[in-house]
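Student:
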Amino acid sequence: MSGHEVDAFIVTSSANRYYLSGFSGSAGTVVIGHGEALLFVDFRYTEQACEQAPDFEVILYRDELWTAVANRLSAAGYKKVGFESKQVTFASHVEMQKKIAASLVPIADLPEKQRAVKDKREIDRLKRGAGELDGAYEYILGYTRPGMTEKDVALELETYLRRRGAEKAAFPYIVASGLRGAMPHGVASDKLISEGELVTIDFGALYNRYATDMTRTFALGSTSRKQRQVYDLVNEARLKAAEGIKPGMTGREADALARSHLEKAGYGDYFGHGLGHGVGLETHELPLLSPRSEAVLEEGMIVTIEPGVYIPGWGGVRLEDMALITSNGLELLTESPLGLIII
Ligand code: ZN
Ligand code: ZN
1040 MSGHEVDAFI
1050 VTSSANRYYL
1060 SGFSGSAGTV
1070 VIGHGEALLF
1080 VDFRYTEQAC
1090 EQAPDFEVIL
1100 YRDELWTAVA
1110 NRLSAAGYKK
1120 VGFESKQVTF
1130 ASHVEMQKKI
1140 AASLVPIADL
1150 PEKQRAVKDK
1160 REIDRLKRGA
1170 GELDGAYEYI
1180 LGYTRPGMTE
1190 KDVALELETY
1200 LRRRGAEKAA
1210 FPYIVASGLR
1220 GAMPHGVASD
1230 KLISEGELVT
1240 IDFGALYNRY
1250 ATDMTRTFAL
1260 GSTSRKQRQV
1270 YDLVNEARLK
1280 AAEGIKPGMT
1290 GREADALARS
1300 HLEKAGYGDY
1310 FGHGLGHGVG
1320 LETHELPLLS
1330 PRSEAVLEEG
1340 MIVTIEPGVY
1350 IPGWGGVRLE
1360 DMALITSNGL
1370 ELLTESPLGL
1380 III
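Going by our numbering, the sequence shown wraps up at 1382, each residue one higher than the last.
Structure below.
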């Protein structure tokens, strides 16, 4: 905050609100000022807020949020107040400007940058969640048969994870079989899965509010030479990244470890997304591992490593693991087999 020269910072997004205060309700506004931490809630949440955010002064507002916030900000004499420029809607900003006398300063990624480095409690939660994905993958390999739809597989996977204690799916699951494998974000469809196809599944769930994210590609019945070649290439690119990533590197350098391997083999144009992303309270968070990311990787960050090759009119392969950046490299949190499995 001092770097942005603001007297206070307003937080409205749910992930940042929870991260800073511990309050898990679906509505509430955090204001961090000089030596004070405020949490504005309506009557539905007063009790919960007091219980979950003992370090905050909980303020119940009865009529209108921004009037209550504005009164408190002027009472403290704050002149410049930051807000989350990527989270606040245009309509909210108009309201804030009407009510708040201080000048409003747009700030991006302030708590998000702190969230990128996980503490021990967060690492424990993410490790536990990631471990559940391995069991789910093993289960779904035993379940999947030719003739099922991609949606059948997605539903079964989500049900399995929720029965085992997940709060909910972290995102709509990707089950992309055959030609649909060429779509990196091919959400499960009504397409029937057939013999001889590669199937890419990308899934994850929330455990204690923390997201998990993993991808595997497997084959049904038999494989062609090209399917095996592309699979091995992606797996090698993954290994280059897993072995080469160290703290102190930038997201761009990490991405290049895998990308250069695919480029050398002539498949660079088929890897159109970044190598990975942070995972935590949100499935996609900082840091980014991509050709444009200058973020410096630090010990305690949890990221995905997910190279892929997507060939239009043919299909695709992606392998994604969650990993903790340690003092000397990476510790994988998902441990499902990485060789090509044929079921
Ligand atoms: Zn994923
Ligand atoms: Zn991912």
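No residue lacks a Cβ here, since even glycine has one placed at the ideal position from N, Cα and C.
Does the region 1163-1177 touch the region 1133-1153, meaning 3 or more C-beta pairs lie closer than 8 Å?
Tutor: Taking 8 Å as the limit for Cβ pairs, the verdict is that the region 1163-1177 does not touch the region 1133-1153.
Student: According to the neighbour-count rule (16 or more other Cβ atoms, all chains shown, within 10 Å of its Cβ), is residue 1114 buried or exposed?
Tutor: Here residue 1114 corresponds to residue number 75 of the sequence shown, with the count starting at 1. Exposed: under 16 other Cβ atoms inside 10 Å.
Student: Answer yes or no: do residue 1156 and residue 1324 have a C-beta to C-beta separation smaller than 9 Å?
Tutor: Counted from its first residue, the sequence shown places residue 1156 at position 117. Counted from its first residue, the sequence shown places residue 1324 at position 285. Not closer than 9 Å, so no.
Student: With DSSP as the reference, identify every bridge partner of residue 1079, one or two as the case may be.
Tutor: As a position in the sequence shown, residue 1079 is number 40, starting the count at 1. Answer by DSSP bridge pairing, in chain order: 1068 and 1098.
Student: Considering residue 1324, what are the terminal residues of the beta strand (DSSP E) in which it resides?
Tutor: Here residue 1324 corresponds to residue number 285 of the sequence shown, with the count starting at 1. First-last of the beta strand (DSSP E) with residue 1324: 1324-1328.
Student: Assuming residue 1239 and residue 1254 form a contact by the criterion Cβ under 8 Å, report the distance between their Cβ atoms to the nearest whole angstrom.
Tutor: As a position in the sequence shown, residue 1239 is number 200, starting the count at 1. As a position in the sequence shown, residue 1254 is number 215, starting the count at 1. So it is a contact: roughly 6 Å between Cβ atoms.
Student: With a floor of 3 residues, list each beta strand (DSSP E) that falls wholly inside the region 1207-1284, ordered by position along the chain.
Tutor: Counting whole runs of 3 or more residues, the region 1207-1284 contains the beta strand (DSSP E) stretches 1213-1216, 1237-1242 and 1253-1258.
Student: Helix, strand or coil for residue 1143, going by three-state DSSP, please let me know.
Tutor: Here the question's residue 1143 lines up with position 104 in the sequence shown. Strand at residue 1143.
Student: Can you tell me where the alpha helix (DSSP H) holding residue 1086 begins and where it ends?
Tutor: One-based indexing of the sequence shown puts residue 1086 at position 47. Note, residue 1086: alpha helix (DSSP H), 1085-1091.
Student: Beta-carbon within less than 8 Å of residue 1065's beta-carbon, same chain only, minus the 5 sequence neighbours each way: which residues are those?
Tutor: Walking along the sequence shown from the start, residue 1065 turns up at place 26. 1053.
Student: Just the C-alpha distance for residue 1332 and residue 1290, rounded to the nearest angstrom, thanks.
Tutor: Residue mapping note: residue 1332 aligns to position 293 of the sequence shown, counting from 1. Residue mapping note: residue 1290 aligns to position 251 of the sequence shown, counting from 1. Approximately 5 Å between the Cα atoms of the pair.
Student: Under 8 Å: does the beta carbon of residue 1373 sit that close to some heavy atom of ligand 2?
Tutor: By one-based count along the sequence shown, residue 1373 stands at place 334. The answer is no for residue 1373.
Student: So the beta strand (DSSP E) residue 1360 belongs to, where does it begin and stop?
Tutor: Mapped onto the sequence shown, residue 1360 falls at position 321. 1360-1364 is the extent of the beta strand (DSSP E) around residue 1360.
Student: Taking DSSP as the reference, what is the three-state secondary structure of residue 1355?
Tutor: Taking the first residue of the sequence shown as position 1, residue 1355 is located at position 316. The answer is strand: DSSP assigns residue 1355 an E or B state.
Student: List in chain order the residues whose CB is within less than 6 Å of at least one heavy atom of ligand 2.
Tutor: In chain order, the qualifying residues are 1252, 1316, 1343, 1345 and 1359.
Student: Using only the alpha-carbon positions, how far apart do residue 1077 and residue 1306 sit?
Tutor: Against the sequence shown, residue 1077 aligns to sequence position 38. Against the sequence shown, residue 1306 aligns to sequence position 267. When rounded, the distance between both Cα atoms is 52 Å.
Student: State the Cα-Cα distance for the pair residue 1057 and residue 1381, rounded to the nearest angstrom.
Tutor: Here residue 1057 is taken as the residue at index 18 of the sequence shown, counted from 1. Here residue 1381 is taken as the residue at index 342 of the sequence shown, counted from 1. Roughly 42 Å separates the two Cα atoms.
Student: Note the first and the last residue of the continuous alpha helix (DSSP H) segment covering residue 1107.
Tutor: Here residue 1107 is taken as the residue at index 68 of the sequence shown, counted from 1. Note, residue 1107: alpha helix (DSSP H), 1104-1115.
Student: How about residue 1293 and residue 1244: do their beta carbons lie closer than 9 Å?
Tutor: Reading the sequence shown from its first residue, position 254 is the one you call residue 1293. Reading the sequence shown from its first residue, position 205 is the one you call residue 1244. Cβ atoms of residue 1293 and residue 1244: not closer than 9 Å.
Student: With residue 1092 and residue 1062 assumed to form a contact (beta carbons below 8 Å), what rounded beta-carbon distance in angstroms separates them?
Tutor: Here residue 1092 refers to the residue found at position 53 when the sequence shown is read from its first residue. Here residue 1062 refers to the residue found at position 23 when the sequence shown is read from its first residue. With 8 Å as the limit, residue 1092 and residue 1062 qualify as a contact, their Cβ atoms being about 4 Å apart.
Student: Check whether the region 1180-1193 touches the region 1068-1086, taking contact to mean three or more Cβ pairs, one atom from each stretch, closer than 8 Å.
Tutor: Judged by Cβ distances under 8 Å, the region 1180-1193 makes no contact with the region 1068-1086, as fewer than three pairs qualify.
Student: Classify residue 1300: buried if its beta carbon has 16 or more other beta carbons within 10 angstroms, exposed otherwise.
Tutor: Your numbering for residue 1300 matches position 261 in the sequence shown. Buried, since its Cβ has 16 or more Cβ neighbours within 10 Å.
Student: Give me the Cα-Cα distance between residue 1196 and residue 1229, rounded to the nearest whole angstrom.
Tutor: Residue numbering aside, residue 1196 sits at position 157 when the sequence shown is read from its first letter. Residue numbering aside, residue 1229 sits at position 190 when the sequence shown is read from its first letter. Each residue's Cα considered, the two are about 16 Å apart.
Student: Applying the 10 Å Cβ sphere with the 16-neighbour rule, what's the burial state of residue 1279?
Tutor: Here residue 1279 is taken as the residue at index 240 of the sequence shown, counted from 1. It is buried - the Cβ of residue 1279 has at least 16 other Cβ atoms within 10 Å.
Student: Can you grab the Cα-Cα spacing for the pair residue 1373 / residue 1162, in whole Å?
Tutor: On the sequence shown, residue 1373 is found 334 positions in, with the first residue counted as 1. On the sequence shown, residue 1162 is found 123 positions in, with the first residue counted as 1. Approximately 13 Å between the Cα atoms of the pair.
Student: Is residue 1179 near ligand 1, going by C-beta to nearest heavy atom under 8 Å?
Tutor: The residue you call residue 1179 lines up with position 140 of the sequence shown. No.
Student: Using a threshold of 8 Å, is the CB atom of residue 1381 nearer than that to any non-hydrogen atom of ligand 1?
Tutor: Here residue 1381 is taken as the residue at index 342 of the sequence shown, counted from 1. False, no ligand heavy atom lies under 8 Å from that Cβ.
Student: Helix, strand or coil: which one does DSSP assign to residue 1318?
Tutor: As a position in the sequence shown, residue 1318 is number 279, starting the count at 1. Note: residue 1318 maps to coil in three-state DSSP.
Student: Hey, how far is the Cα of residue 1151 from the Cα of residue 1055?
Tutor: In the sequence shown, counting from the first residue as 1, residue 1151 sits at position 112. In the sequence shown, counting from the first residue as 1, residue 1055 sits at position 16. Straight-line Cα distance between these residues: approximately 7 Å.
Student: For ligand 1, I want to know if residue 1191 counts as a neighbour, meaning its beta carbon is within less than 8 Å of at least one of the ligand's heavy atoms.
Tutor: As a working mapping, residue 1191 is identified with position 152 in the sequence shown. No, ligand 1 has no heavy atom inside 8 Å of this Cβ.
Student: For the candidate residues 1274, 1345 and 1097, whose alpha-carbon lies nearest to that of residue 1318?
Tutor: One-based indexing of the sequence shown puts residue 1318 at position 279. Residue 1318 has its Cα closest to that of 1345, out of 1274, 1345 and 1097.
Student: From 1260, 1123 and 1128, pick the residue whose C-alpha is nearest to that of residue 1146; which is it?
Tutor: Numbered from its first residue, the sequence shown carries residue 1146 at position 107. Closest option to residue 1146, Cα to Cα, is 1123.
Student: Let me check one thing: in DSSP terms, what residues is residue 1048 bridge-paired to?
Tutor: Numbered from its first residue, the sequence shown carries residue 1048 at position 9. Answer is 1071 and 1121.
Student: Using 8 Å as the cut-off, classify the Cβ of residue 1341 as near or not near the heavy atoms of ligand 1, replying yes or no.
Tutor: Translated into the one-based positions of the sequence shown, residue 1341 becomes position 302. False, no ligand heavy atom lies under 8 Å from that Cβ.
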